[in-house]
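The sequence shown begins at 281 in this note's numbering and counts up by one.
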Amino acid sequence: MARIKGGMNAKKKHNRVLKLAKGYRGARSKQYRVAKQAVMRALASSYAGRKEKKRQFRQLWIARINAAARINGLSYSKFMYGLKLAGVDINRKMLAEMAVNDAEGFKTLAELAKSKVA
281 MARIKGGMNA
291 KKKHNRVLKL
301 AKGYRGARSK
311 QYRVAKQAVM
321 RALASSYAGR
331 KEKKRQFRQL
341 WIARINAAAR
351 INGLSYSKFM
361 YGLKLAGVDI
371 NRKMLAEMAV
381 NDAEGFKTLA
391 ELAKSKVA
């Protein structure tokens with residue numbers, strides 16, 4: 281039986297990595313060994329970045345809610361606690377959206393929270 285050489289598969293593997301490294305600077309986009317390291321790091325960073333994005337959005341929503349709550353005379357924690365006591369179940373994303381685009385609706389929620397806390 282004839283021996284099968286691995287040249288085709290190695291070339292395919294190298295090209296796959298080099299295609300992912302397209303646009304990288306210098307040897308990172310030309311040489312397989314360097315490109316492989318750069319691609320592995322980039323993929324790890326993109327995975328971590330997808331998790332980080334969720335944290336950053338939550339942080340942004342909380343900052344917006346806090347700013348709007350303080351305009352209405354409450355701190356963020358008292359506002360959220362008041363909503364919990366009132367049985368209002370709205371997530372932070374929607375509260376932040378209301379804080380930016382629907383000031384009157386947010387003011388109503390703030391008054392409700394204020395009455396429950398006090």
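Heads up, the beta-carbon is just placed ideally off N, CA and C, and yes, glycines get one too.
Close Cβ partners of residue i (< 8 Å) along its chain, the five nearest in sequence each way excluded
i	result
LYS302	SER309
Cβ-based neighbour list, residue i, same chain, cut-off 6 Å, excluding 5 preceding and 5 following
i	result
SER395	none
ALA348	ALA379, PHE386
Environment of residue i [buried if 16+ CB atoms lie within 10 Å]
i	result
ARG344	buried
Between the CA atoms of residue j and residue i - distance to the nearest angstrom
i	j	result
ALA315	LYS358	52 Å
TRP341	LYS331	16 Å
LYS373	ARG338	8 Å
ARG335	ARG296	32 Å
Beta carbon of residue i nearer than 9 Å to that of residue j
i	j	result
ALA393	LEU363	yes
TYR361	ASN346	no
ALA376	GLY353	no
LEU298	TYR312	yes
Same chain, Cβ closer than 7 Å to residue i, five either side skipped, listed in chain order
i	result
ALA318	ALA301, TYR304, ARG308
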